[in-house]
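Novice:
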Amino acid sequence: MYDPRISIIEKRLKKIGKVIAISSGKGGVGKSLFASVLALALTKKGFRTGLFDIDFTSPTTHVVLGAANLSPRESKGLIPPKIHGLKYMSLVFYIGNRAIPLRGADLSNVLVETLATTLWGNLDFLVIDMPPGMSDLLLDVIKYVSKTQFLIVTTPSKMAFETVRRLLNLLRDLRVPILGVIENMKMDDSNYIEREVKSLGEKFLGEIHFDSGLEKALGDIKSLLKTSFMNEIEESILAKNPEITS
Amino acid sequence: MHEWSLAEAIISAVFSIAEKENLREVKEVHLRLGELQQIEVDILKFALLEMKTGKLSNAKFIIRTVRAKFKCRACNHAWTFREMRIPGDIRESIHFIPEVAHAYIKCPECGSPDFDVIHGRGLWITSVKGVK
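Chain order of the listed sequences is D and V. As numbered in the numbering used here, the first sequence has no gaps in its residue numbers, which increase by one up to the final residue, 451. As numbered in the numbering used here, the second sequence has no gaps in its residue numbers, which increase by one up to the final residue, 252.
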């Protein structure tokens, strides 16, 4: 028996220049916020950008974007709605605020189904908001989205980096391209994360300081674009690491 | 329609299979379609006929639908999709992404949302017959 969905995935992603998966392994480090605001920053720079939230059981990027009453249009596939200039896909369109308990095989099926039926069209960037953990969805993104490059988010916490280190080792074992590591929610001048990242031979992409005004700006794009979080993504991350957008 | 994107996937997959098996002409493609997918078989067949080209031009598509059946992981109760009353908008969400059923369906015996789809999920190519 053959699953025909697999054979169309490459074609569906063919017109996408670069796929960046925002991952950590650890939860609560700001992946979804970073993924959403990075996608907005890329859109602001004039890039055609998509955001794909694959944290299927706990999607939250819609909260960051203030996305409400949206749904994909059906026309020989699913055409993602546009919000703030970016193409956006999330399971939240189909489940609202309901809990969706999914086991590993089900998660894989959701990913394959959405990859096979979503018509992203021409994009310069597709940003994928990954779920925490190193299980089915991480392995499936690597398996089915061969052009994916990983951008890793950590906090200054040794606990967070303990998992990040494992993720980096796994990605290296799997020979997956790693753009580098970002230290989010920085609160002091410790260089622990930078040292550790460099000692592993990976690129330290920069730090984003804890922004106490960020929570209030969630869902309000005008406010979000004015936060220091957005500013640091533009000035400290994208401007200093041109390879991300090249 | 969603059926068209799946039809495109089937055509692409059959071409790959024919290539691997050195078939110069495909005569029959057998498909197994899960009920949970909520696919309109007539639309799928029409899309397949519209899209088939080259060595698939004379291919027949034989579609067998499998009823969706669930089994509760908490109490082992088994039940079918057909016996459930599911509103149209929810059916449509399930049509697009069948796993969405886990957000709406609960075991009719114990109320647990932790169940397996034991039959009737997905769309599979079960065999491709042709001339070498």
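Cβ coordinates follow ideal geometry from the N, Cα and C atoms, glycine included. Keep in mind that this is a model prediction, so the values were computed, not measured.
Is Gly208/V near Thr185/V, with beta carbons less than 9 Å apart?
Specialist: no
Novice: Could you check which residue in Glu123/V, Cys227/V, Gly174/V has the C-alpha nearest to that of Asn196/V?
Specialist: Nearest C-alpha to Asn196/V among Glu123/V, Cys227/V, Gly174/V: Cys227/V.
Novice: Determine the extent of the alpha helix (DSSP H) in which Trp199/V is found, giving its start and end residues.
Specialist: Annotation: Trp199/V is outside any alpha helix (DSSP H); the continuous beta strand (DSSP E) that includes it extends over 198–200.
Novice: On a CA-only basis, which of Ser441/D, Met364/D, Thr360/D is nearest Lys236/D? Give me that one, please.
Specialist: For Lys236/D, the nearest C-alpha among the options comes from Thr360/D.
Novice: Roughly how many angstroms separate the alpha carbons of Met335/D and Lys231/D, rounded to a whole number?
Specialist: 11 Å
Novice: List, in chain order, every chain D residue whose beta-carbon is nearer than 7 Å to that of Asp234/V.
Specialist: Pro306
Novice: Sort out for me which residues DSSP pairs Val358/D with in a bridge.
Specialist: Ile387/D
Novice: Given that Asn314/D touches chain V, what residues does it touch there, using C-beta distances under 8 Å?
Specialist: Pro218, Glu219, Arg241, Gly242
Novice: Starting from the beta carbon of Glu128/V, find every residue of chain D whose beta carbon is closer than 7 Å, and list them in chain order.
Specialist: Simply Ile213.
Novice: According to the neighbour-count rule (16 or more other Cβ atoms, all chains shown, within 10 Å of its Cβ), is Asn314/D buried or exposed?
Specialist: buried
Novice: Would Ala198/V and Ile213/D be called neighbours here (beta carbons separated by less than 9 Å)?
Specialist: The answer is no: Cβ separation not under 9 Å.
Novice: Identify which residue in Glu123/V, Lys175/V, Glu148/V, Asp234/V has its Cα closest to the Cα of Leu307/D.
Specialist: Minimum Cα distance to Leu307/D is reached at Asp234/V.
Novice: Which residue from Phe135/V, Ile210/V, Leu169/V, Asn142/V puts its Cα closest to that of Gln158/V?
Specialist: Ile210/V
Novice: Cβ closer than 9 Å: which chain D residues qualify as neighbours of Thr246/V?
Specialist: Met206, Tyr207
Novice: For Ala321/D, would you say it is in contact with chain V, using Cβ-to-Cβ distances shorter than 9 Å as the test?
Specialist: yes
Novice: Using beta-carbon positions only, say whether Pro277/D and Pro264/D come within less than 9 Å of one another.
Specialist: no
Novice: In chain order, what residues of the stretch 271–297 of chain D put their CB closer than 9 Å to some CB of chain V?
Specialist: Within the stretch 271–297 of chain D, the residues whose Cβ lies closer than 9 Å to some Cβ of chain V are Pro277, Glu279, Ser280, Lys281, Gly282, Leu283, Leu296, listed in chain order.
Novice: Mind the definition here: the stretch 364–375 of chain D touches the stretch 216–231 of chain D only if three or more C-beta pairs lie below 8 Å; say whether that holds.
Specialist: yes
Novice: Can you list, in chain order, the residues of the stretch 190–204 of chain V whose Cβ is nearer than 8 Å to any Cβ on chain D?
Specialist: Residues of the stretch 190–204 of chain V with a C-beta less than 8 Å from any C-beta of chain D: none at all.
Novice: Report the rounded CA-to-CA distance for Ala422/D versus Phe355/D, giving the unit in angstroms.
Specialist: 27 Å
Novice: Just tell me which of Trp244/V, Glu145/V, Val220/V, Ile217/V has its CA closest to the CA of Ser177/V.
Specialist: Glu145/V
Novice: Alpha carbons only, please: which of His215/V, Ile206/V, Ala188/V is nearest the one belonging to Ser125/V?
Specialist: His215/V
Novice: Give me the residue from Arg400/D, Ile387/D, Gly424/D with the minimum Cα distance to Asn446/D.
Specialist: With distances taken between Cα atoms, Asn446/D lies closest to Ile387/D.
Novice: Would Glu318/D count as contacting chain V if we go by Cβ distances under 9 Å?
Specialist: yes
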